[in-house]
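> Structure incoming, see below.
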Amino acid sequence: MRILDRYIIMELLRPFLFGVCAFSSMFIGGGTMWRIAQYISQFGASAVVVAKLFVYSLPGVIVLTFPMSMLLATLLCYGRLSSSSELIAMRATGLSFYRLTAPVLILAFFISAFAVVFNETVVPAATEAYNQTIETEIKGNTHPKSQEHLVLMEKSKDGIGRLTYARRYDETTEIMQQVTVQEFENNTPVRIETADKATRQDGGMAMENGAIQDITSLDSVRTMYFIQQFLPTETKTAVEPGKKGSDEMTIRELKQTAAKMSDGRKKNVYLVELNKRVSIPSACIFFALVGAPLALSSPRSGSASGLGYSIVIIFLYYIVMTLGSTMGQNGVLPAGLGAWLPNIAALGIGLWLLRRASR
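Heads up: the sequence shown begins at 1 in UniProt numbering, then just goes up one per residue.
Okay, structure coming up:
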């Protein structure tokens, strides 16, 4: 890497880190702290719990600030270089306009790659921990330790494979009481198994004190009684007491959930969220593409103008993002196009500004 590239990148890093801190403070002060104040006033949350909520909320906030911080850093960096005539000196040495924008695009690429990984590994886990802390330590509402009238269905290639009913399920002990299992072939019931108790285990359920009735023939029903019987299931977790929200899922979990959805609109919600996991972090590149020519074409611009440009561009970007996400979720646009619409718009504007500024 040339000395000039290192110099520009170092000039970019300082305002980028400043932007992350500044924009994170705005998000936290405007949303997170207000919600935490409610938990303190309504539920009497302790200082330890409040500190945990604050820490768990940081990853989701920080990853949102990367694109806007990249835009601010680009405008402030090149604005400072322009105002101090350093860009004029660089151009005088024969450096082209495109060569001067290369360092910011390279830095934006690496920041985007880091943001995608961070958004996939850290943010979902932190969001899940945040929500669980609210439910378990503030509201006191853990997932129901016991559930009445539990119904589970396993599908087969032909339709329904198995239907399980439990009068009561205890999550702590993973024990089901008064269990009835109906097994189907070609959507027709062929066996009914009943048990006083069933314990969930890996790969199935351990049934106790029950009977198995073979009803393949209506003329003669065969019944077999048992003290213990292991009933295998298709999945390891036959009972799931709670479901993750889309913001708590990884990309893989979002894909799997969307693939199981039959309702088009609900499926689109997960598909839009899936695409936004990549589109929002990668917006660093598109913001840099917009910010670099904008700053380079506005010589002598100061920090105030750079901050003003940032606010306007960020505001327009998130308007387009909201519209695109809504249209993608409602099926007006394909889910992927709806999530990537603001980046596509930023790409078009950035290329136009880049070409215009290079002339």
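Just so it is clear, CB atoms sit at the ideal spot from N, CA and C, and this is done for glycine as well.
Ends of the alpha helix (DSSP H) at GLY159?
Note, GLY159: premise wrong, no alpha helix (DSSP H); not H, not E.
> Considering only residues of the region 18–53, which uninterrupted alpha helix (DSSP H) runs meet the minimum length of 4 residues and lie entirely inside it, listed in chain order?
Taking only runs of at least 4 residues, the alpha helix (DSSP H) segments lying wholly in the region 18–53 are 33–43.
> Which of the three DSSP states, helix, strand or coil, is assigned to PRO334?
Looking at PRO334 - three-state DSSP - the assignment turns out to be coil, as it is neither helix nor strand.
> For the beta strand (DSSP E) containing ARG200, name the first residue and the last one.
Run containing ARG200: 188–201, per the beta strand (DSSP E) assignment.
> Locate the alpha helix (DSSP H) running through ILE111, then write down its first and last residues.
From DSSP, the alpha helix (DSSP H) with ILE111 extends over 97–121.
> Can you tell me where the beta strand (DSSP E) holding GLU86 begins and where it ends?
It is not in any beta strand (DSSP E) - GLU86 instead sits in the alpha helix (DSSP H) that spans 86–92.
> Please classify SER282 as buried or exposed, where buried requires at least 16 neighbouring CB atoms within 10 angstroms.
Per the 10 Å Cβ criterion, buried.
> By Cβ distance below 6 Å, which residues in the same chain neighbour ALA206 in space, the five residues on each side in sequence not counted?
Closer than 6 Å at the Cβ level, and outside the excluded window around ALA206, lie THR199 and PHE230.
> Quick one: using the 10 Å Cβ neighbour count with 16 as the cut-off for buried, is GLN182 buried or exposed?
It counts as buried.
> For PHE110, which of PHE286, LEU333 and ILE314 has the nearest alpha-carbon?
The shortest C-alpha separation from PHE110 is found at PHE286.
> What is the DSSP secondary structure of GLU185, counted as helix, strand or coil?
Strand, per DSSP.
> What is the DSSP secondary structure of residue 396, counted as helix, strand or coil?
Outside the displayed span of the chain (1 to 359) sits residue 396, for which this structure offers no information.
> Taking a contact to mean a Cβ-Cβ separation below 7 Å, would you say LEU105 touches ALA288 in this structure?
It is a contact, given that the beta carbons lie within the stated cut-off.
> When the Cα of SER112 is compared with those of ILE88, THR133 and MET68, which residue comes out closest?
When only C-alpha atoms are compared, the closest one is MET68.
> Since I believe GLU253 is in contact with ILE227 (beta carbons under 8 Å), could you give me their beta-carbon distance rounded to a whole number of angstroms?
Actually they are not in contact, since the Cβ atoms of ILE227 and GLU253 sit about 39 Å apart, beyond 8 Å.
> Report all residues from its chain with a CB closer than 7 Å to the CB of VAL63; omit the five preceding and five following residues, and keep chain order.
The answer, listed in chain order, is ALA115, PHE118, ASN119, VAL123 and PRO281.
> Per the DSSP calculation, GLY204 is bridged to which residue(s)?
In the DSSP output, where bridge partners are listed per residue, GLY204 has GLN201 and PRO232.
> Please state whether the Cβ-Cβ distance between PHE43 and ILE192 is less than 7 Å.
No, Cβ-Cβ distance for PHE43 and ILE192 is not below 7 Å.
> Assign SER46 to one of two classes, buried (16 or more other C-beta atoms within 10 Å of its C-beta) or exposed (fewer than that).
Exposed is the call here.
> Just the C-alpha distance for VAL278 and ALA335, rounded to the nearest angstrom, thanks.
Using only the alpha carbons, I get a separation of about 13 Å.
> Nearest by alpha-carbon distance to GLN329: which of SER262, THR250 and VAL272 is it?
Closest option to GLN329, Cα to Cα, is VAL272.
> Going along the chain, which residues of its own chain have a beta-carbon closer than 8 Å to the beta-carbon of residue 400, five neighbours each way excluded?
Not covered by the structure: residue 400. The range shown for the chain is 1 to 359.
> Specify whether the region 90–98 and the region 250–266 touch according to this definition: at least 3 beta carbon pairs, one from each stretch, less than 8 Å apart.
Cβ pair count under 8 Å is below three, so no.
> Could you check if THR173 is buried or exposed, using at least 16 other CB atoms within 10 Å of its CB as the buried criterion?
Exposed.
> Compute the beta-carbon to beta-carbon distance between LEU71 and ILE344, rounded to the nearest angstrom, for a pair I have assumed lies under 8 Å.
Their Cβ separation, rounded to whole angstroms, is 17 Å, which puts LEU71 and ILE344 out of contact at 8 Å.
> For HIS143, count neighbouring Cβ atoms within 10 angstroms of its own Cβ and tell me buried if that reaches 16, exposed if not.
With a pLDDT of 47 at HIS143, under the threshold of 50, the predicted position of this residue should be treated as unreliable, though the coordinate-derived value follows. With fewer than 16 Cβ atoms within 10 Å of its Cβ, HIS143 is classed as exposed.
> May I have the straight-line CA-CA distance separating THR127 from LYS244, to the nearest angstrom?
Looking at the two C-alpha atoms, the distance is approximately 10 Å.
> Count the other C-beta atoms from every protein chain shown that fall within 10 angstroms of the C-beta of ASP41, then say buried if there are 16 or more, exposed otherwise.
According to the sequence shown, residue 41 is Ser rather than Asp. So SER41 counts as exposed.
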